[in-house]
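To start, the structure under review is shown below, and the notes come after it.
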Amino acid sequence: MNDHGSMVQTQRLAADTAGLAHAAAILQGGGLVAFPTETVYGLGADATNAEAVAGIYAAKERPSFNPLIAHLDSIGAAEAQGEFDETARRLARAFWPGPLTLVVPVAKTCTISDLARAGLDSVALRVPAHLLAHALLEKAGRPIAAPSANRSGRVSPTEADHVLGDLDGRIDAVLDGGPALVGVESTIVACLGGAPRLLRPGGVAREAIEALLGQALESGAEPGANPVAPGMLASHYAPRARVRLNASAIEPGEAALLFGPVRPSGIEAARAVVSLSENGDLTEAAARLFSSLRQLDATGAKTIAVSPVPETGLGEAINDRLRRAAAER
Ligand code: TXA
Ligand code: MG
-4 MNDHGSMVQT QRLAADTAGL AHAAAILQGG GLVAFPTETV YGLGADATNA
46 EAVAGIYAAK ERPSFNPLIA HLDSIGAAEA QGEFDETARR LARAFWPGPL
96 TLVVPVAKTC TISDLARAGL DSVALRVPAH LLAHALLEKA GRPIAAPSAN
146 RSGRVSPTEA DHVLGDLDGR IDAVLDGGPA LVGVESTIVA CLGGAPRLLR
196 PGGVAREAIE ALLGQALESG AEPGANPVAP GMLASHYAPR ARVRLNASAI
246 EPGEAALLFG PVRPSGIEAA RAVVSLSENG DLTEAAARLF SSLRQLDATG
296 AKTIAVSPVP ETGLGEAIND RLRRAAAER
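Mapping to the numbering used here: the sequence shown position 177 is 172, numbers consecutive.
This is the structure we're talking about:
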């Protein structure tokens, strides 16, 4: 589905060579494919393609841009995306492929889009053990962003039928690999310098990780989970500049973030101007959101003035993110 609400025909693909080839081609073309992992079914998109990633949020009707897990076919591929310290390396060697996600600092060679990372300087990586997932990732030949393949607020799917119940008509295909075996999501551990932190309990037991490391894991709330108030999500990217929302006029020296064909008054005296989408396409705007904020912040402007963005479709998530960026801090 796109953000204008039009439906697509969702194909159920068999777990055979033809099905895999088709699924990989859809992913390479920027489409959405739900696929089984050993934990739950994931809703996959090319993690390096921000527009494709925006499609995930549109299909799930996520009210905000949570950072997503990028799935890879090997430890080597993961190490090109993130900086692994000694602890992260040991965890990867012991538990990958498997139901463990590692949050690590982004590597210089990282190709995962800003949108998939929700603008963070860290990235969540996982090498799944499911044979079909592995084969798909290998064929797709790129990191695949995949949250659980359910609509926002519903339970994670462990069968292709669950996926279709939630997302039929909203995604291009589901690769039917039978029931997922683990049924709960992956364990998430952050290795960001300092002691490793358990962000979400899941398919790999805390005890198994602690036994391997010979050290207790720090506990930490899952940063993406139920933010208590706008701006409370310390890990979320916040520009240095003040952010002024619903700006119908631009003050001299402000950086302007536009949406749609409108030309606000005072635009000539703006320090810099970037458009999220000239023709008002919310998927394109979502894809450009984080990189545009970064680009304008880098101009040194004290304030980023943002044109109104409609609250429909992906606009809700865009506005949620913009309100966080604008919250007093
Ligand atoms: O088992 C799983 O992990 C499944 C399958 C499909 O792989 N995926 C999954 O994704 O559960 P999702 O989007 O439902 O959960 C991803 C979690 C979110 O809670 C998010 O906050 C966290 O990962 N996350 C992602 N990147 C992060 C980061 N840079 N820092 C902290 N947390 C991050
Ligand atoms: Mg989920």
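Heads up, the beta-carbon is just placed ideally off N, CA and C, and yes, glycines get one too. Nothing here was measured: the structure is a model prediction, and the numbers come from that model.
Original post:
Excluding the five sequence neighbours on either side, which residues of its own chain have a C-beta within less than 7 Å of the C-beta of ASP171, listed in chain order?
Top reply: ARG7, LEU8, ALA9, ALA10 and ALA155
Original post:
Got a sec, what are the start and stop residues for the alpha helix (DSSP H) ILE51 sits in?
Top reply: 45 to 55
Original post:
For ligand 1, is there a heavy atom less than 7 Å away from the beta-carbon of GLU46?
Top reply: no
**OP:** Name, in chain order, the residues that DSSP records as bridge partners for GLN290.
**Re:** The partner list for GLN290 (beta bridge, DSSP) is empty, contrary to what the question assumes.
Original post:
Where does PHE30 fall in DSSP's three states?
Top reply: strand
**OP:** May I ask you to list the residues that DSSP assigns as paired with SER214?
**Re:** Looking at the DSSP assignment, SER214 forms a beta bridge with LEU193.
Original post:
Would a C-beta distance cut-off of 8 Å place SER214 and GLU180 closer than the cut-off?
Top reply: no
Original post:
Can we count PRO256 as close to ligand 1, meaning its CB is less than 7 Å from some heavy atom?
Top reply: In this structure, the C-beta of PRO256 stays at least 7 Å away from each heavy atom of ligand 1.
**OP:** For the stretch 21 to 39 and the stretch 118 to 128, state whether three or more C-beta atom pairs, one from each stretch, are separated by less than 8 Å.
**Re:** They touch, by the three-pair rule.
Original post:
Between GLY188 and ligand 1, is the CB less than 7 Å from at least one heavy atom?
Top reply: no
Subject >> Bridge partners - ALA140, DSSP secondary structure assignment >> reply: ALA40 and ALA65
Subject >> Buried/exposed call for THR294, threshold 16 Cβ in 10 Å >> reply: exposed
**OP:** Taking all protein chains shown into account, decide if PRO209 is buried (16 or more other Cβ within 10 angstroms of its Cβ) or exposed.
**Re:** The residue you asked about is not Pro; residue 209 is Gly in the sequence shown. Exposed, by the Cβ-count rule.
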